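What follows is one structure encoded as structure tokens, with my remarks underneath.
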Amino acid sequence: MRNGHGSGLRGGREREGAVRWAVAVTAEGTALLCPVDGRGRAAGPVEAEPDAARAVAERTASGSVTRWVWRSTGQVYPRLLETGVRVERCHDTEACEALLLGHEGRWGEPRSLAAAWARLHRAPVPDDPPLPAADQQPSLFAPGPVPLPRGTDPLAALLEVYADQLRRVEEAGHPERMRLLLAAESAGTLVAAELNRTGVPWRADVHRELLRELLGESYPGGEPARLAQLAEEVSRAFGPGVRVRPDLPADVVRAFARAGIRLPSTRAWELRKVDHPAVAPLLRYKTLYRLHTAHGRSWLRTWVREGRFRPEYVPGGSVTGRWTSNGGGALQIPRVVRRAVTADPGWRLVVADAAQMEPRVLAAVSRDRGLMEVAGSGRDMYSVLSDRAFGGDRNRAKLALLGAVYGQTSGDGLRHLADLRRRYPAAVAYVDEAARAGEEGRLVRTWLGRTCPPSAAGDADFGDGGIDPPETDAQGPAGSAARARGRFTRNFVVQGSGADWMLLVLAALRQSLAGMCAELVFFQHDEVIVHCPAQEAGAVADAVRAAGERAAVAAFGEIPVRFPFTTAVVECYADAK
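The working numbering numbers the first residue of the sequence shown as 13 and each following residue consecutively.
Take a look at the structure:
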């Protein structure tokens, strides 16, 4: 479906027969609903219903598509899912407010409906509630919405803010792209709520067995037997009577110092440089300790229920638009733990990841004709690139292309970048300009319009996406900060555009799976997992590939760049790679 018709990926515009409804819930739990026109105004009488789920279900007419306008998917949709109500589209007002604020250079201002309404009325703007800690355990009581002022009609406030958002979209530099971004972000909130409810198939018995195999027996109040054994080996390596706590970096550094070895840190790559008998057991300890603390028996009790791992995804949790999670480590499942991710009997896991996503995104957003040709060849990008510009050296071609994206411009990286610049000038110029804009404190946007925070507002997030910490230079702290932001924005325009494209992939895939038994159960950055009956696996793999194509056309238009997915149909996640 090359033109995107019927896909829900056309800038957020409704297809023929589609309708919009707004729904708000009062403090007493009554649902207020009304149809909405294209300018965000009420298009019919307001109706009050005691049961929001039933009201939404009744107004999702068969044969048409309803886009629901509400304050926040996370506050409304989980309750609907509990009663079996599935929504095809929505406009998440609070998620969209965050994007629009960023686009206007006001990144980080409160995004709640109450805050947006207060800005319209020049009233005091309430703060957003604090975000949960990344490692917090699941709670029965999620934070409630920021309340509107007493006596304010919640539906009237919702419509007022929604109409203002539609107006602001039209004032954006590329309104069609911004409409698409808001639609994609809202679709992502639906996917996240459904993923949170569905969970990842997880064999707790397999998990417990691998923990017993790797960590040994565990005793109340003490560390597992294998960790205790390795800790003893580390201590013995430093001499008789020496006691070292491998889980305390300062203790390890002091022990090496007493042995005459200066250790800058206890990172694995630093330890591997050292010739000492404590290194081998210490590295093994660190690996197993990470498993014990991040995915050990406590994690299993907390996060796996009824045969499913149930994390809490946070759409757009990072500056680049990539998702994060509140606890559970959903986006960092170690390879060894993947043995526990097993399909139900008679079912399969279709594991799909976007092949070489960031280089392909760079080709698409830079419109470099040569690089677009490479990305549209149907072959491995780095191999094609190496044949054309790097004398057949695939590794050199890969380093050059990723170096351009990540700003690795010293040593060999500088020479590789010069080779790339001669052959693909528009691509390198695109990320160079993004870096320059970042250093100068200008706003930098993804292809669809997601905006990097101005100046120092997002400095804490500059590590996102594998970017190295800023280096000091002759310009002093201010120069270092500018340089660090430039490196971040160089990557942001590519990684962020890739994250936006993946949202469109999720939206298209979700629609394709709606008529199947298949269920989308996992998503991280450029990878999805679908759990499906064995007989649906082929159709699911086709749906993933088609979703990638539809998303590419919707986001970047009719260009020769292709975004293939590598898919594997397996019974166990660990067998996918």
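Ideal placement from N, C-alpha and C gives every residue a C-beta, glycine not left out.
Predicted, not measured: the structure shown is a model, and the values here were computed from it.
query = What does Cys3 pair with, by DSSP beta-bridge criteria?
reply = Because the chain in this structure spans residues 13 to 589, residue 3 falls outside the shown range and cannot be described.
query = Beta-carbon separation of Leu242 and Pro289 under 8 Å?
reply = As a first step, residue 242 is located in the sequence shown; it is residue number 230 there, counting from the start. As a first step, residue 289 is located in the sequence shown; it is residue number 277 there, counting from the start. No.
request  = Might you give, ordered along the chain, the residues of its own chain that have their beta carbon closer than 6 Å to the beta carbon of Gly382, omitting 5 neighbours on each side?
outcome  = For the purposes of this step, residue 382 is taken as the residue at position 370 of the sequence shown. The answer, listed in chain order, is Tyr436.
ask   = What separation, rounded to the nearest whole angstrom, lies between the Cα atoms of Gly308 and Cys102?
value = On the sequence shown, position 296 is the one that residue 308 refers to. On the sequence shown, position 90 is the one that residue 102 refers to. Distance between the alpha carbons of Gly308 and Cys102: 38 Å.
ask   = What are the boundary residues of the beta strand (DSSP E) that includes Glu61?
value = Within the sequence shown, residue 61 is the residue found at index 49, counting from 1. Glu59 to Glu61 is the extent of the beta strand (DSSP E) around Glu61.
query = What is the DSSP secondary structure of Tyr89, reduced to helix, strand or coil?
reply = The residue labelled residue 89 in the question sits at position 77 within the sequence shown. Three-state result, Tyr89: helix.
key: Of the listed residues Arg406, Pro371, Glu106 and Ala306, nearest to Ala342 (C-alpha basis)   = Residue mapping note: residue 342 aligns to position 330 of the sequence shown, counting from 1. Here the closest residue by C-alpha is Ala306.
task = Taking Arg334 as the reference, give the member of Arg284, Phe535 and Val353 with the closest Cα.
result = Residue numbering aside, residue 334 sits at position 322 when the sequence shown is read from its first letter. Residue Phe535 is the option with its Cα nearest to Arg334.
ask   = If you draw a straight line from the C-alpha of Gly403 to the C-alpha of Gly415, how long is it?
value = As a working mapping, residue 403 is identified with position 391 in the sequence shown. As a working mapping, residue 415 is identified with position 403 in the sequence shown. Whole-angstrom Cα-Cα distance: 18 Å.
In DSSP terms, what Ser337 is bridged to = Numbered from 1 along the sequence shown, position 325 holds the residue referred to as residue 337. The partner list for Ser337 (beta bridge, DSSP) reads Tyr325.
request  = Evaluate the contact criterion for the region 266-276 versus the region 213-230: three or more CB pairs, one atom per stretch, below 8 Å.
outcome  = no
ask   = Terminal residues of the continuous beta strand (DSSP E) containing Phe577?
value = For the purposes of this step, residue 577 is taken as the residue at position 565 of the sequence shown. Per DSSP, Phe577 belongs to the beta strand (DSSP E) from Phe577 to Val582.
message = Taking only three categories from DSSP, how would you classify Arg373?
response = In the sequence shown, the residue the question calls residue 373 occupies position 361. Reading off the sequence shown, one finds Val at residue 373, where the question assumed Arg. Helix.
message = Assuming the contact rule is C-beta atoms closer than 8 Å, Ser124 and Asp140 should be a hit. Round their C-beta distance to whole Å, please.
response = Within the sequence shown, numbered from 1, the residue matching residue 124 stands at position 112. Within the sequence shown, numbered from 1, the residue matching residue 140 stands at position 128. Yes, Ser124 and Asp140 are in contact; Cβ-Cβ is about 6 Å, under 8 Å.
DSSP three-state assignment for His43, whether helix, strand or coil = Your numbering for residue 43 matches position 31 in the sequence shown. Note on residue identity: the sequence assigns Ala, not His, to residue 43. Correct three-state label for Ala43: strand.
task = Note the first and the last residue of the continuous alpha helix (DSSP H) segment covering Thr210.
result = One-based indexing of the sequence shown puts residue 210 at position 198. Thr210 -> alpha helix (DSSP H) spans Pro187 to Thr210.
task = Measure the beta-carbon distance from Arg189 to Gly550 and round it to whole angstroms, keeping in mind my assumption that it falls under 8 Å.
result = Here residue 189 corresponds to residue number 177 of the sequence shown, with the count starting at 1. Here residue 550 corresponds to residue number 538 of the sequence shown, with the count starting at 1. Not really, about 34 Å apart at Cβ, beyond 8 Å.
query = Do Ala520 and Ala563 have their C-beta atoms within less than 8 Å of each other?
reply = Taking the first residue of the sequence shown as position 1, residue 520 is located at position 508. Taking the first residue of the sequence shown as position 1, residue 563 is located at position 551. Yes; because the gap between Cβ atoms is below 8 Å, this pair is in contact.
task = Say whether the region 295-303 touches the region 313-328, bearing in mind that this needs 3 or more beta-carbon pairs closer than 8 Å, one atom from each stretch.
result = no
key: Buried versus exposed, by CB contacts within 10 Å (16 or more), His133   = Position 121 of the sequence shown holds residue 133. Per the 10 Å Cβ criterion, exposed.
query = Which residues in the same chain as Ala169 place their Cβ atom closer than 7 Å to its Cβ, once the five residues preceding and following it in sequence are excluded?
reply = In the sequence shown, the residue the question calls residue 169 occupies position 157. The residues are Leu125, Trp129 and Leu160.
Arg220, enclosing alpha helix (DSSP H) - first and last residue = Counting from 1 along the sequence shown, the entry for residue 220 is found at position 208. It spans Ala216 to Leu227 - the alpha helix (DSSP H) in which Arg220 sits, taken as one unbroken run.
ask   = Assuming Gly498 contacts Glu451 under a Cβ cut-off of 8 Å, what Cβ separation, rounded to an integer in Å, is found between them?
value = Counting from one through the sequence shown, the residue named residue 498 turns up at place 486. Counting from one through the sequence shown, the residue named residue 451 turns up at place 439. Yes, Gly498 and Glu451 are in contact; Cβ-Cβ is about 4 Å, under 8 Å.
key: Minimum C-alpha distance to Pro213 - residue among Gln177, Cys544, Asp512 and Ser378   = Numbered from 1 along the sequence shown, position 201 holds the residue referred to as residue 213. Ranking Gln177, Cys544, Asp512 and Ser378 by Cα distance to Pro213 puts Cys544 first.
task = Pull up the distance between the alpha-carbon of Leu515 and that of Phe575, whole angstroms please.
result = If you number the sequence shown from 1, residue 515 lands on position 503. If you number the sequence shown from 1, residue 575 lands on position 563. Taking the straight line from one Cα to the other gives about 14 Å.
inquiry  = Could you check whether Tyr89 and Leu202 sit closer than 8 Å to each other, using their CB atoms as the reference points?
reply    = Locating residue 202 in the sequence shown gives position 190, where the first residue counts as 1. Locating residue 89 in the sequence shown gives position 77, where the first residue counts as 1. It is a contact, given that the beta carbons lie within the stated cut-off.
inquiry  = Quick check on His537: does DSSP put it in helix, strand or coil?
reply    = In the sequence shown, counting from the first residue as 1, residue 537 sits at position 525. Three-state result, His537: coil.
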